[in-house]
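Notes follow the structure.
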Ligand code: ZN
Ligand code: ZN
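In the numbering used here, the protein residues as written are 2 to 343.
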């Protein structure tokens, strides 16, 4: 029963017609990253036809969760009142607010990724409070949004963050922000960039999909983001399956300093693999990007899938040890923890 609510939420969001082909094992073609990705009013991943989401959600709901989730997950929280955002950072620091939300404090600037300070992601309840209070976010902060799923685009947060904030969103989401009284919104297609002060903000592909009440399946684009201050480069993956894009981003935009990569919401693999990476794939994505630091995210906040909420970082360290990787490149932050970029 523990899976009923997330499964229902996901199936409510996943009612797409069962017309998607099973993913083909075709060789990776980087040209597809630049191919047209909209047809008949819907976006799609040109390199990866999606599996059947509605029937998949139903099959998932009817299956048994092999994981034991009877004990409370171990989640670390560090008290943080966010007062540091009002100062000028000596270099740069990153604070994990929870799930896919980071507050990056670089010099005098603060930007947020998929800001979610709310109590629910539609149905799943927040398991730990946000790492900093929403009131601590400065008026001149800006934010990037990866897609419209409820664990990434939170209406309450958008309404309670400063009205003066600038927003960078994927194609099709601009109207939603204007309807919520947020006029400083830039809507970007994959590979488009905008300047924002000293920052170059670039919208990049991700392997995902979209749906939200009032926004039909794949009517709005999904993306990842590259934020370049001129001095430091941050990559924020949003939600994504593993795909060949990471190597291309590394080639085009490297060296990347910090890669914020999702490691949670990955079980069962037969249903999730096209939309969410597992920890081993996130490590592979980090290698492909050739980034300096990996900040794992998308775990420990909302219980969305079969695996226990505190399993993803353990699985990540296990996978990295198995691959004989250098785990010292990973910073697994506690909620509220501020890490200074070294
Ligand atoms: Zn999503
Ligand atoms: Zn998500």
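We put the CB at the ideal spot given by N, CA and C, even for glycine.
Around ligand 2, Cβ to any heavy atom closer than 5 Å, ordered along the chain: 152 and 240
For residue 340, three-class secondary structure by DSSP: Indexing the chain shown from 1 puts residue 340 at position 339. DSSP places residue 340 in strand when its eight states are reduced to three.
If you draw a straight line from the C-alpha of residue 64 to the C-alpha of residue 241, how long is it? The residue labelled residue 64 in the question sits at position 63 within the chain shown. The residue labelled residue 241 in the question sits at position 240 within the chain shown. The alpha-carbon atoms of residue 64 and residue 241 are separated by roughly 24 Å.
When DSSP labels each residue in this structure, what does residue 280 get in the three-state scheme? Locating residue 280 in the chain shown gives position 279, counting from the first residue. Note: residue 280 maps to helix in three-state DSSP.
Distance check for residue 332 and residue 323, CA to CA, integer angstroms please. By 1-based counting over the chain shown, the position of residue 323 is 322. By 1-based counting over the chain shown, the position of residue 332 is 331. Their Cα atoms are separated by approximately 18 Å.
Just mark residue 300 as buried or exposed, buried being the case when its beta carbon has 16 or more other beta carbons within 10 Å. Position 299 of the chain shown, counted from the start, is the residue given in the question as residue 300. Buried is the call here.
Straight-line CA distance for residue 203 to residue 145? Here residue 203 is taken as the residue at index 202 of the chain shown, counted from 1. Here residue 145 is taken as the residue at index 144 of the chain shown, counted from 1. Rounded to the nearest angstrom, the two C-alpha atoms are 10 Å apart.
How would you call residue 110, buried or exposed, if buried means at least 16 neighbouring beta carbons within 10 angstroms? Counted from its first residue, the chain shown places residue 110 at position 109. By the 10 Å Cβ count, residue 110 comes out buried.
Residues in its own chain within less than 7 Å of residue 140 by CB, not counting five upstream and five downstream? Start at 1 with the first residue of the chain shown, and residue 140 comes out as number 139. Excluding sequence neighbours, residue 140 sits near 163 and 165.
Residue 87 burial status per 10 Å Cβ neighbour count (16 or more: buried): Here residue 87 refers to the residue found at position 86 when the chain shown is read from its first residue. Result: exposed.
What three-state label does DSSP hand residue 219 in the structure shown? As a first step, residue 219 is located in the chain shown; it is residue number 218 there, counting from the start. The answer is coil: DSSP assigns residue 219 none of H, G, I, E or B.
Segments assigned beta strand (DSSP E), at least 3 residues, entirely inside the segment 218 to 293: 225 to 229, 234 to 237 and 259 to 263
With DSSP as the reference, label residue 35 as helix, strand or coil. Along the chain shown, read from residue 1 onward, the residue named residue 35 stands at position 34. Residue 35: helix per DSSP, three-state reduction.
Go through its chain and collect everything with a Cβ distance to residue 81's Cβ below 8 Å, but skip five positions before and after it. Here residue 81 refers to the residue found at position 80 of the chain shown. Only 96, 132, 133, 337, 338 and 339 meet the Cβ criterion.
For residue 313, does the three-state DSSP call read helix, strand or coil? Looking up residue 313 in the chain shown gives position 312. Correct three-state label for residue 313: helix.
Closest by CA to residue 320, which one among 335, 282, 38 and 66? Locating residue 320 in the chain shown gives position 319, counting from the first residue. Of 335, 282, 38 and 66, the residue nearest in Cα terms is 282.
Quick check on residue 176: does DSSP put it in helix, strand or coil? The residue given as residue 176 occupies position 175 in the chain shown. Residue 176 falls in the helix class under three-state DSSP.
Applying the 10 Å Cβ sphere with the 16-neighbour rule, what's the burial state of residue 213? The count along the chain shown starts at 1 and reaches residue 213 at position 212. It is buried - the Cβ of residue 213 has at least 16 other Cβ atoms within 10 Å.
Give me the Cβ distance between residue 238 and residue 225, rounded to the nearest whole Å; I'm assuming they're in contact under 8 Å. As a first step, residue 238 is located in the chain shown; it is residue number 237 there, counting from the start. As a first step, residue 225 is located in the chain shown; it is residue number 224 there, counting from the start. With 8 Å as the limit, residue 238 and residue 225 qualify as a contact, their Cβ atoms being about 5 Å apart.
In its own chain, which residues sit with a C-beta less than 6 Å from the C-beta of residue 29, not counting the 5 before and 5 after it? Taking the first residue of the chain shown as 1, we reach residue 29 at position 28. Cβ neighbours of residue 29 beyond the five flanking positions: 245.
Run the proximity test for residue 100: is its beta-carbon closer than 6 Å to any non-hydrogen atom belonging to ligand 4? This structure simply doesn't include ligand 4; it includes ligand 1 and ligand 2 instead.
Using only the alpha-carbon positions, how far apart do residue 119 and residue 304 sit? Taking the first residue of the chain shown as 1, we reach residue 119 at position 118. Taking the first residue of the chain shown as 1, we reach residue 304 at position 303. Their Cα atoms are separated by approximately 14 Å.
May I ask you to report which of helix, strand or coil DSSP gives residue 111? Position 110 of the chain shown holds residue 111. Residue state, collapsed to three classes: strand.
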